[in-house]
Amino acid sequence: MSTRVYLLDNGTLAIDQSFFTWNHGHGKEIRFPVYAVYIDHPQGRILVDTGFDKDWVERVLPFEKPQQSPDQTIAVQLRKLGVAPDDIDYVVNSHLHFDHCCGNRLFPNATFVMSKAELRHAFVPDPWERLGYDRTLVDMPGAKMELLELNGYDYELVPGVTLIETPGHSAGHLAVVVKLGSEPPIVFPVDIAWSKENLEQKQLMGLHIDPAELLHSMVKVQNIAYRLGGRIFYPHDPEEFKGYRKAPEFYEG
Ligand SMILES: [Zn+2]
Numbered sequence: 022m023s024t025r026v027y028l029l030d031n032g033t034l035a036i037d038q039s040f041f042t043w044n045h046g047h048g049k050e051i052r053f054p055v056y057a058v059y060i061d062h063p064q065g066r067i068l069v070d071t072g073f074d075k076d077w078v079e080r081v082l083p084f085e086k087p088q089q090s091p092d093q094t095i096a097v098q099l100r101k102l103g104v105a106p107d108d109i110d111y112v113v114n115s116h117l118h119f120d121h122c123c124g125n126r127l128f129p130n131a132t133f134v135m136s137k138a139e140l141r142h143a144f145v146p147d148p149w150e151r152l153g154y155d156r157t158l159v160d161m162p163g164a165k166m167e168l169l170e171l172n173g174y175d176y177e178l179v180p181g182v183t184l185i186e187t188p189g190h191s192a193g194h195l196a197v198v199v200k201l202g203s204e205p206p207i208v209f210p211v212d213i214a215w216s217k218e219n220l221e222q223k224q225l226m227g228l229h230i231d232p233a234e235l236l237h238s239m240v241k242v243q244n245i246a247y248r249l250g251g252r253i254f255y256p257h258d259p260e261e262f263k264g265y266r267k268a269p270e271f272y273e274g
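Residue numbers for the sequence shown follow the numbering used here, so the first one is 22 and each next one is one higher.
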């Protein structure tokens, strides 16, 4: 049995361009996609991030103007693939900004994999990072947790699915690499580069905890992708997203 990778369309949000490109584009709004990743792997059903919840954004961050059709919730996206919430073995949170973890509570049977530093920051954010976090989204007493402290090492969750420590955008950010047999590996930088422009021009986003660390993480992931011959899938790039296969289509190998 091979591995299949599905991109689960979760709708769009809008912010000022200067969040996308630090100190550039003030006053211009940009609307961008959000998606989660479902990996159907022989050793487990893995969800990477759990998307945003439209009601939560409208209540807490209404200026991000969420657009999400009933079809674009993570639960419905999975259901269309014949996957029930209880079928998910692992939820990997790349980090705990709201658009990556609003749906965590939908998966009470899963083992949650994230970095310990990230959970600490979600619970006690530094003053300038409060906007992205909400402790109530991830405070799940009794949930099975694997809290990673990688100290620069990578972590292979199951064969061919590797988590890469990439701090800077947030304290405990993890990028994800998925090896496929017949297609090139897929590299998800997740939020160390929202767009192709961010990564290729080293144009940092305006939201980060440490810009120097973020730049280091960008170079690290770019080098990994280069060495593996991997294809980079950007998390929030409106133009690139148009060219991606979205569930129920998939990447397989
Ligand atoms: Zn983020």
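Each residue gets a CB set at the ideal place from its N, CA and C atoms; glycine is no exception. Being a predicted model, the structure only gives us computed values, none of them experimental.
DSSP bridge partner residues for residue i (one or two, in chain order)
i    : result
F262 : Partner(s): none; F262 has no beta bridge.
V198 : T183, V208
Q88  : T33
Any non-hydrogen atom of ligand 1 closer than 8 Å to residue i Cβ
i    : result
G274 : no
D212 : yes
G46  : no
S191 : yes
H142 : no
D74  : no
D147 : no
G32  : no
H116 : yes
D120 : yes
L178 : no
L228 : yes
G124 : no
G163 : no
G103 : no
G250 : no
G181 : no
G153 : yes
Between the CA atoms of residue j and residue i - distance to the nearest angstrom
i    : j    : result
P54  : G163 : 32 Å
P232 : L28  : 28 Å
G250 : F209 : 13 Å
F128 : P106 : 5 Å
R25  : N44  : 39 Å
S23  : P205 : 14 Å
D155 : V145 : 9 Å
H62  : D37  : 37 Å
K86  : M226 : 19 Å
R252 : A246 : 7 Å
N219 : H47  : 16 Å
D120 : S203 : 31 Å
F41  : Y265 : 20 Å
I109 : H118 : 21 Å
K165 : V113 : 12 Å
T187 : G193 : 7 Å
F84  : G153 : 13 Å
Y111 : E150 : 27 Å
L236 : S216 : 14 Å
Y255 : E177 : 21 Å
Three-state secondary structure assigned by DSSP to residue i
i    : result
M239 : helix
D14  : Past the edges of the chain, shown from 22 to 274, lies residue 14, and the structure says nothing about it.
G163 : coil
E273 : strand
G103 : coil
E177 : strand
I245 : helix
Q224 : coil
F73  : coil
Q98  : helix
G251 : coil
L140 : helix
L171 : coil
L152 : helix
T132 : strand
L158 : helix
V78  : helix
Supposed contact pair residue j and residue i - C-beta distance, whole angstroms, cut 8 Å
i    : j    : result
H142 : G189 : Contact flag wrong, Cβ pair sits at about 13 Å.
I95  : G72  : 5 Å
V134 : L169 : 7 Å
I213 : S238 : 5 Å
L201 : G274 : 3 Å
A196 : V242 : 5 Å
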